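2 protein chains.
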Amino acid sequence: MAPKSRKAALEQQATSLFRDKGYAATSMRDLATHFGVEAASLYSHIRNKEELLYNICFPLAQDLFSGLENLPKDLSATERLLQALISHVTLITRSPDQSIVFLQEYRHLSEPARTEFLNMRKAYEQKFKLIIRQGIRSGEFRKIDEKITTLALLSAVNSTPYWFRKESGLEASWVATLLSDILIHGLSNKTKSLQESEGQVRRKVALRKGVGKVEKITKTKTSTKTK
Amino acid sequence: MAPKSRKAALEQQATSLFRDKGYAATSMRDLATHFGVEAASLYSHIRNKEELLYNICFPLAQDLFSGLENLPKDLSATERLLQALISHVTLITRSPDQSIVFLQEYRHLSEPARTEFLNMRKAYEQKFKLIIRQGIRSGEFRKIDEKITTLALLSAVNSTPYWFRKESGLEASWVATLLSDILIHGLSNKTKSLQESEGQVRRKVALRKGVGKVEKITKTKTSTKTK
DNA sequence: CCTACCGATCGGTAGG
DNA sequence: CCTACCGATCGGTAGG
Chain A
1 MAPKSRKAAL EQQATSLFRD KGYAATSMRD LATHFGVEAA SLYSHIRNKE
51 ELLYNICFPL AQDLFSGLEN LPKDLSATER LLQALISHVT LITRSPDQSI
101 VFLQEYRHLS EPARTEFLNM RKAYEQKFKL IIRQGIRSGE FRKIDEKITT
151 LALLSAVNST PYWFRKESGL EASWVATLLS DILIHGLSNK TKSLQESEGQ
201 VRRKVALRKG VGKVEKITKT KTSTKTK
Chain B
1001 MAPKSRKAAL EQQATSLFRD KGYAATSMRD LATHFGVEAA SLYSHIRNKE
1051 ELLYNICFPL AQDLFSGLEN LPKDLSATER LLQALISHVT LITRSPDQSI
1101 VFLQEYRHLS EPARTEFLNM RKAYEQKFKL IIRQGIRSGE FRKIDEKITT
1151 LALLSAVNST PYWFRKESGL EASWVATLLS DILIHGLSNK TKSLQESEGQ
1201 VRRKVALRKG VGKVEKITKT KTSTKTK
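Take a look at the structure:
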């Protein structure tokens, strides 16, 4: 809503249609009709159809990448993973439709954009993999398969745009924290030993508070945590 | 390989193309060329393009559904979840391309097939959600959000067709067990209390066996922990 | 942003 | 399984 420019409004409309019907099945006439102009008029704002897809995929890719680069350097793997996931989930839930197009339609980019995109994704996954590795080396994480774990983990958090709605009152950071908690501690209710690892006791208590059903979050929430 | 009928071979070729280019971006002429005939000849095997998509999506949907219905009835939630995930991962890794089309292209089905498909998926997710709920009630699982957990969990396992290759020597049941282990026990290396919950000790030992890196499985692994 | 229009390609049919 | 062909629609351009 409240798009800055006409072009931004057009990209927003394209995002919505690409999300619903897919890039290939969305025609410029579809788009024009929803935008309220004739098909030929679209080309006063854009050069071609693919430019729309490009402008949906790459800014988000860039934002996600930057999000990881801006993480504090002196964290434990557990904390790094949490922060990385919060960054990721915050960004993709901020624009769910854009994220879904980003996740599903990038392959319709022509070369060399497509390869460039895949390289960014690979590098991004690599950063997560390194956090996992760091956690295994430090003894924070068990000796799980790094690659499989990384992909399963990213896949799990990438499901958020499909069900996350801002109107539900959920906060992205809360969702990220909840997912991190599941991924790090598992579903199991086994009693953990009293010896909690370094300095994560406060974090953990806070995590537990945010774990219940949706309706309860406005009460205590996770904000009680850091202070 | 070794397709029973010409029609089956055509569906296999269609699966491969739909997987690589998407349903909408794959033309009947593409398909015909790869299949080695003229476009018009395809219609002696099929009624229309959508029939191909239908025959890719629905049999797999049916198989997945049956997989859950055939689970033994007297299991703990932890065991049920493991069995359900093994069934799921085994089926989708058996035909990775078909699974990817199933996951990504079903939306191009026309009505009423599309709605029928979505209803099956909903019911399928519901069955997983019930296992989670059962686990929470029995105290096996922590009080996590059922819906979010279910979707994140299915999303995590649905990433397998994207990287799983039979030639890698991995076994589907091993992958399923590994993913279950991550989801149930988490990444964390926190020492668990000695009081393991009812009768799962043997299973757990078995799980741990499948946890290390691929090459190292037979050596020591995480099993050093519990004792 | 419009009218008018382009060559290419789409899914599919007729008839053998 | 082929040749021949269909009406519809595609992304995009010319020219105003």
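Residue numbers (this note's numbering), protein chains in the order written: chain A, 1 to 227; chain B, 1001 to 1227. Every residue gets a Cβ at the ideal spot worked out from N, C-alpha and C, and that includes glycine. Fair warning: this is a prediction, and the values are worked out from it, not measured in the lab.
What is the C-beta distance between residue i and residue j, in whole angstroms, given that I count them as a contact (C-beta under 8 Å)?
i	j	result
Leu1081(B)	Ile1131(B)	5 Å
Ile144(A)	Ile1100(B)	No, Ile144(A) and Ile1100(B) are not in contact; Cβ-Cβ is about 24 Å, not under 8 Å.
Leu1017(B)	Cys1057(B)	That belief does not hold up - the Cβ atoms of Leu1017(B) and Cys1057(B) are roughly 15 Å apart, past 8 Å.
Leu187(A)	Thr1149(B)	7 Å
Leu1068(B)	Ser1087(B)	7 Å
Tyr124(A)	Arg114(A)	Tyr124(A) to Arg114(A), Cβ: 16 Å. No contact.
Glu1146(B)	Arg1137(B)	That belief does not hold up - the Cβ atoms of Glu1146(B) and Arg1137(B) are roughly 11 Å apart, past 8 Å.
Gln83(A)	Leu71(A)	5 Å
Val1089(B)	Ala1032(B)	Not really, about 34 Å apart at Cβ, beyond 8 Å.
Phe1141(B)	Asn189(A)	6 Å
Ala1024(B)	Ala25(A)	4 Å
Phe1164(B)	Thr1093(B)	5 Å
His45(A)	Arg6(A)	6 Å
Leu1010(B)	Met1028(B)	The Cβ separation is near 11 Å, so there is no contact.
For a contact meaning CB atoms closer than 9 Å, what does residue i contact in chain B?
i	result
Trp163(A)	Lys1147, Ile1148, Leu1151
Arg47(A)	Near Arg47(A) there are no residues of chain B at all, since even the closest Cβ is about 20 Å away, more than 9 Å.
From what residue to what residue does the alpha helix (DSSP H) around residue i run?
i	result
Gly1067(B)	1049–1069
His185(A)	172–185
In three-state terms, what does DSSP make of residue i?
i	result
Ser1159(B)	coil
Gly1117(B)	It should be pointed out that residue 1117(B) corresponds to Phe in this sequence rather than to Gly. Note: Phe1117(B) maps to helix in three-state DSSP.
Ser1095(B)	coil
Ser1168(B)	helix
Ser1076(B)	coil
Ser110(A)	coil
Leu194(A)	Below a pLDDT of 50, predicted positions are generally treated as unreliable, and Leu194(A), at 34, falls in that range; the measurement from the model is reported next regardless. Coil.
Quick one: is the Cβ of residue i within less than 7 Å of any heavy atom of the ligand MN?
i	result
Asp145(A)	Inclusion of the ligand MN in the displayed structure is not the case, the ligand content being empty and no account of it being possible.
Whose Cβ in chain A lies nearer than 8 Å to the Cβ of residue i?
i	result
Arg1133(B)	Going along chain A, no residue has its Cβ under 8 Å from Arg1133(B), so there is no contact; the nearest lies around 12 Å.
His1108(B)	Gly22, Ala25
Leu1179(B)	Ile148, Ala152
Under 7 Å between beta-carbons, which chain B residues line up against residue i? List them in chain order, please.
i	result
Leu183(A)	Gly1186, Leu1187
Gln104(A)	Gln1104
Using a C-beta to C-beta distance shorter than 9 Å, which residues of chain A count as neighbours of residue i?
i	result
Gly1139(B)	Asn189
Asn1158(B)	Ser155, Ser159
Leu1118(B)	Here the premise fails: no neighbours, minimum Cβ distance about 13 Å.
By the criterion of Cβ-Cβ separation under 7 Å, what are the contact partners of residue i in chain A?
i	result
Ala1024(B)	Gly22, Ala24, Ala25
Leu1082(B)	Ordered by position in chain A, no residue passes the 7 Å Cβ test against Leu1082(B), which lies about 11 Å from the chain.
Length at least 4, wholly inside the segment 1004–1046 of chain B: the alpha helix (DSSP H) runs in chain order:
Those alpha helix (DSSP H) runs which fall completely within the segment 1004–1046 of chain B and span 4+ residues are 1006–1021, 1028–1035.
Which ranges would you report for the alpha helix (DSSP H) in the segment 121–161 of chain A if only whole runs of at least 4 residues count?
Annotation note: the segment 121–161 of chain A contains the following uninterrupted alpha helix (DSSP H) runs of length 4 or greater, listed N- to C-terminal: 146–157.
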